[in-house]
Amino acid sequence: MSGRPRDPRATRDARLATHWRILIVFAGTVLVWLFVYHGALLGRDYDRPTHVTRAVLTTLLVVPLVVAARRLLDRRPWTGLGLPSLRVGWRRLLLGMACWLVPAALGFALWLGFGWVEISLRTSAADALRVAALLVVLVLLYEALPEELVFRGYLQRNLATRLPAWQAVIGQAVSFTLFGFLVGAATSPDRLLLFVVFALLLGAFRVATGDIWAGIGFHLAFQTVAQLFGDVGAVFDVVGADVLGLVALGGLPFALGWMAMERRYRNNLNWRAREPDPIR
């Protein structure tokens, strides 16, 4: 028997197979949202304190789930998930927000200017600003951070170690859409289509920038404004909400936002590349 140490590359990976790790985290994520939204603990009726509780509880459950999966299932460092510190990622966070907010503002201006949409304030401007500020925090904790961490962070990262980037993006988009269906957030054809397109776009952001901060920013801006002008915010009356949602909140910022991101990071894009996931 040779006394030379064994080449670590020849050692079989003792971890669970990639698809099992992805399935465990996906199932855990679905269970968290079902518990938080559908569980008897908080009930189904909406009010602001319930929204706050759900948002905080979601982040408190999802982040440890991903941390545990990364350490115990992946046996890899946190850095591989694409969530560096805010000190590193704040520029991409703001860029992601701008990629949605600037085209959306253009859409709002055009639709209001042509008279296709009418918006009136139900309450005072100060109250609307207070609700908007609160929604930024709640969307970050309830949707933007946990969903990006799971789907564009954990799932897309693990898929990208086995598949080309474009296939990893499609894979996480399918998972995100299935998640939306299972938790009751995407049960109609238009909502399912929204989930697919949204996830593909955010997955492409991850490929372009190398992390999930831009996706968090885009997700945060979109969800906050959509809720502010919807029933959750309850501070605006909107005539022509369908047109506003389809074009000014959706199609225009989705298309122009990706054009801006693709132009900014075009030298980084490699749709055929795989991402190694080293131990260190």
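Residues 6 to 285 in our numbering are what the sequence shown lists, from first letter to last. Every residue gets a Cβ at the ideal spot worked out from N, C-alpha and C, and that includes glycine. Every value quoted in this text rests on a predicted model; they were computed, and no experiment measured them.
Query	Result
If I follow the unbroken beta strand (DSSP E) through ILE124, where does it start and stop?	123-126
Indicate whether the contact test is met: 3 or more Cβ pairs, each with one atom in the region 179-189 and one in the region 63-81, closer than 8 Å.	no
Let me know the secondary structure DSSP gives VAL240 once reduced to three states.	coil
Can you tell which of THR63, THR214, VAL240 has the C-alpha that lies nearest to the C-alpha of ALA130?	VAL240
On the three-state DSSP scale, how would you describe ALA15?	A caution first: ALA15 carries a pLDDT of 40, below 50, which makes its placement in the model unreliable, though a value can still be read off. Looking at ALA15 - three-state DSSP - the assignment turns out to be helix.
Mind checking GLY112: buried by the 16 CB within 10 Å criterion, or exposed?	buried
In the structure shown, what three-state DSSP assignment does ILE29 receive?	helix
In the DSSP assignment, find the unbroken alpha helix (DSSP H) run with ASP50 in it and report its ends.	No alpha helix (DSSP H) holds ASP50; DSSP gives it neither H nor E.
Quick one: complete beta strand (DSSP E) runs, 3+ long, within the region 123-184?	123-126
Going by alpha carbons, who is nearest to GLU148 out of ASN273, MET266, THR64, GLY255?	THR64
Return helix, strand or coil for LEU274, following the three-state DSSP convention.	coil
Under 8 Å between the Cβ atoms of GLU280 and GLY220?	no
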